[in-house]
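**Q** The sequence shown runs 2 to 203 under our numbering.
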Amino acid sequence: MGTEHFDSKAADWDKDPAKVSRAQEIGAAVAESVPLAPGTRLLEYGAGTGLVTQALRDRVGQVVLADNSAGMRQVIEEKIAAGLLPDAVVWNLDLERHPVPDEQFDLVVTALVLHHVRDLPTVLSGFAALLRPGGHLCIADLDREDGSFHQHDFDGHHGFDRTDLSEALRAAGFAEVRVEDCTTIFKEGASYQVFLATAMRS
Ligand SMILES: C[S@@+](CC[C@H](N)C(=O)[O-])C[C@H]1O[C@@H](n2cnc3c(N)ncnc32)[C@H](O)[C@@H]1O
Numbered sequence: 002m003g004t005e006h007f008d009s010k011a012a013d014w015d016k017d018p019a020k021v022s023r024a025q026e027i028g029a030a031v032a033e034s035v036p037l038a039p040g041t042r043l044l045e046y047g048a049g050t051g052l053v054t055q056a057l058r059d060r061v062g063q064v065v066l067a068d069n070s071a072g073m074r075q076v077i078e079e080k081i082a083a084g085l086l087p088d089a090v091v092w093n094l095d096l097e098r099h100p101v102p103d104e105q106f107d108l109v110v111t112a113l114v115l116h117h118v119r120d121l122p123t124v125l126s127g128f129a130a131l132l133r134p135g136g137h138l139c140i141a142d143l144d145r146e147d148g149s150f151h152q153h154d155f156d157g158h159h160g161f162d163r164t165d166l167s168e169a170l171r172a173a174g175f176a177e178v179r180v181e182d183c184t185t186i187f188k189e190g191a192s193y194q195v196f197l198a199t200a201m202r203s
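#1: The beta strand (DSSP E) that contains Val180, what's its start and end?
#2: Are there any heavy atoms of ligand 1 lying less than 6 angstroms away from the beta-carbon of Glu97, as far as the coordinates show?
#3: In whole angstroms, give me the CA-to-CA distance for Val76 and Ala176.
#4: Between which two residues does the alpha helix (DSSP H) containing Ala19 stretch?
#5: Taking Thr54 and Leu37 to be in contact with their CB atoms under 8 angstroms, please state how far apart those CB atoms are, rounded to whole angstroms.
#6: For His117, name the three-state secondary structure that DSSP assigns.
#7: Residues in the same chain with beta-carbon distance under 6 angstroms from Ser192, minus the five sequence neighbours each way, listed in chain order, please.
#8: Is the beta carbon of Val35 sitting closer than 7 angstroms to the one on His137?
#9: Buried or exposed: which applies to Lys188, given that a residue is buried once 16 or more other Cβ atoms fall within 10 Å of its Cβ?
#10: In the DSSP assignment, what are the bridge partners of Ile140?
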């Protein structure tokens, strides 16, 4: 999928209270699931407008927000200029297409992004390369769904089977994989379960 869909949604993204509260719930679940400290270096991949990082901002150190949508990155830049995301850096990064940056993080968080990614093993290997050994990965995403979640042109994953994702994480170099319920998204009269998968870089 190109970036046009999210480019066009970026300016109004935070006007939807459901998206804001969902990101806060995911941030709270991350904070409960992995160790955070003032020195924790965080990468949020597919950060959108940075809502999940905003929820974690006071509990971690330097943050990098990566997204392949110029519209989303523009909103993040505006938040940085407004002082809402102190000590934040923005990357144009698509791990399916770009080389993995030569940087190391303590924590990678990605929320509702991986179902948009086609080449999951490449992206998971990219996360492993970006984490120091012992660092943590947190993935919030949809459980397997019937394909009704996306109304727009969509060629990604209809959610994930938890067992399959756990195996893909181990194959990419992660250990201590856990998957737990995180939140529920209500959309067009249907409900969609969101899990939080956590894993440690071996
Ligand atoms: C559903 S939005 C979620 C945004 C944010 N994580 C949140 O929870 O509010 C998915 C985000 O992933 C980004 N994205 C999709 N595919 C990507 C890719 N291959 N590389 C980087 N970002 C991607 C989109 O531009 C969009 O900002």
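Beta carbons: idealized from backbone N, C-alpha and C, even for Gly.
**A** Checking against the coordinates, here is how it stands:
#1: Its beta strand (DSSP E) spans residues 175–188.
#2: Glu97: yes, Cβ under 6 angstroms from ligand 1.
#3: Taking the CA atoms as reference points, Val76 sits about 35 angstroms from Ala176.
#4: For Ala19, the enclosing alpha helix (DSSP H) stretches over residues 18–34.
#5: Wrong, their Cβ atoms sit about 12 angstroms apart, outside the cutoff.
#6: His117 falls in the helix class under three-state DSSP.
#7: Around Ser192: Thr185.
#8: Yes, they are a contact pair.
#9: Around the beta-carbon of Lys188, fewer than 16 other beta-carbon atoms lie within 10 Å, marking it exposed.
#10: For Ile140, DSSP records a beta bridge to Thr111, Ala198.
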